[in-house]
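Notes follow the structure.
In my numbering, the protein residues as written are 193 to 258.
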(Lines of atoms letter the chains of each structure in order from A and count residues from 1; the text may use other names and numbers.)
(Lines give C-alpha, C1' and ligand atoms only; values in the text may rest on other atoms or scores of the structure.)
Protein backbone atom coordinates (compact mmCIF):
# COMPACT_ATOMS: atom_id res chain seq x y z
CA UNK A 1 0.00 0.00 0.00
CA UNK A 2 1.20 3.49 -0.83
CA UNK A 3 1.11 5.91 2.06
CA UNK A 4 0.48 9.64 1.88
CA UNK A 5 4.04 10.19 3.14
CA UNK A 6 5.48 8.18 0.23
CA UNK A 7 3.53 10.30 -2.25
CA UNK A 8 4.63 13.48 -0.48
CA UNK A 9 8.27 12.42 -0.81
CA UNK A 10 7.85 11.66 -4.53
CA UNK A 11 6.00 14.93 -5.16
CA UNK A 12 8.67 17.00 -3.40
CA UNK A 13 11.44 15.18 -5.26
CA UNK A 14 9.74 15.88 -8.58
CA UNK A 15 9.06 19.50 -7.65
CA UNK A 16 12.56 20.29 -6.34
CA UNK A 17 14.55 18.15 -8.74
CA UNK A 18 16.98 16.87 -6.11
CA UNK A 19 16.61 14.53 -3.16
CA UNK A 20 18.61 16.86 -0.91
CA UNK A 21 16.39 19.85 -1.76
CA UNK A 22 13.25 17.79 -1.18
CA UNK A 23 14.67 16.56 2.14
CA UNK A 24 15.38 20.12 3.23
CA UNK A 25 11.87 21.22 2.26
CA UNK A 26 10.31 18.40 4.30
CA UNK A 27 12.69 18.73 7.25
CA UNK A 28 14.24 15.31 6.74
CA UNK A 29 17.68 14.00 5.83
CA UNK A 30 18.72 12.97 2.35
CA UNK A 31 19.30 9.32 3.39
CA UNK A 32 15.82 9.18 4.94
CA UNK A 33 14.27 10.46 1.72
CA UNK A 34 16.21 7.95 -0.39
CA UNK A 35 15.08 5.16 1.92
CA UNK A 36 11.43 6.16 1.48
CA UNK A 37 11.79 6.13 -2.31
CA UNK A 38 13.38 2.67 -2.24
CA UNK A 39 10.67 1.46 0.13
CA UNK A 40 7.94 2.71 -2.19
CA UNK A 41 9.57 1.09 -5.21
CA UNK A 42 9.69 -2.20 -3.34
CA UNK A 43 6.00 -1.93 -2.42
CA UNK A 44 4.75 -1.14 -5.91
CA UNK A 45 7.15 -3.51 -7.72
CA UNK A 46 8.65 -1.06 -10.19
CA UNK A 47 11.34 1.58 -10.28
CA UNK A 48 10.04 5.16 -10.15
CA UNK A 49 13.44 6.87 -10.27
CA UNK A 50 16.47 5.84 -12.27
CA UNK A 51 19.67 6.35 -10.33
CA UNK A 52 22.47 7.79 -12.41
CA UNK A 53 25.68 9.18 -10.88
CA UNK A 54 24.00 10.02 -7.59
CA UNK A 55 20.96 11.62 -9.19
CA UNK A 56 17.40 10.38 -9.27
CA UNK A 57 15.88 10.73 -12.73
CA UNK A 58 12.09 10.13 -12.93
CA UNK A 59 10.88 7.20 -14.97
CA UNK A 60 7.86 7.74 -17.27
CA UNK A 61 5.68 5.80 -14.78
CA UNK A 62 6.46 8.38 -12.10
CA UNK A 63 4.47 11.03 -13.95
CA UNK A 64 1.46 8.71 -14.08
CA UNK A 65 1.87 7.87 -10.39
CA UNK A 66 1.57 11.53 -9.48
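All C-beta atoms in this analysis are idealised placements derived from N, C-alpha and C, irrespective of residue type, glycine included.
CA-to-CA distance, residue j to residue i, given in whole angstroms
i           : j           : result
residue 256 : residue 229 : 16 Å
residue 201 : residue 214 : 7 Å
residue 259 : residue 233 : Only positions 193 to 258 of the chain appear in this structure, which leaves residue 259 out of reach.
residue 193 : residue 244 : 27 Å
residue 249 : residue 242 : 5 Å
residue 237 : residue 231 : 10 Å
residue 205 : residue 239 : 14 Å
residue 223 : residue 207 : 18 Å
residue 216 : residue 210 : 10 Å
For residue i: DSSP bridge partner residues
i           : result
residue 244 : 247
Any chance you could list the alpha helix (DSSP H) runs of at least 4 consecutive residues sitting entirely within the segment 202-234, in chain order? 211-218
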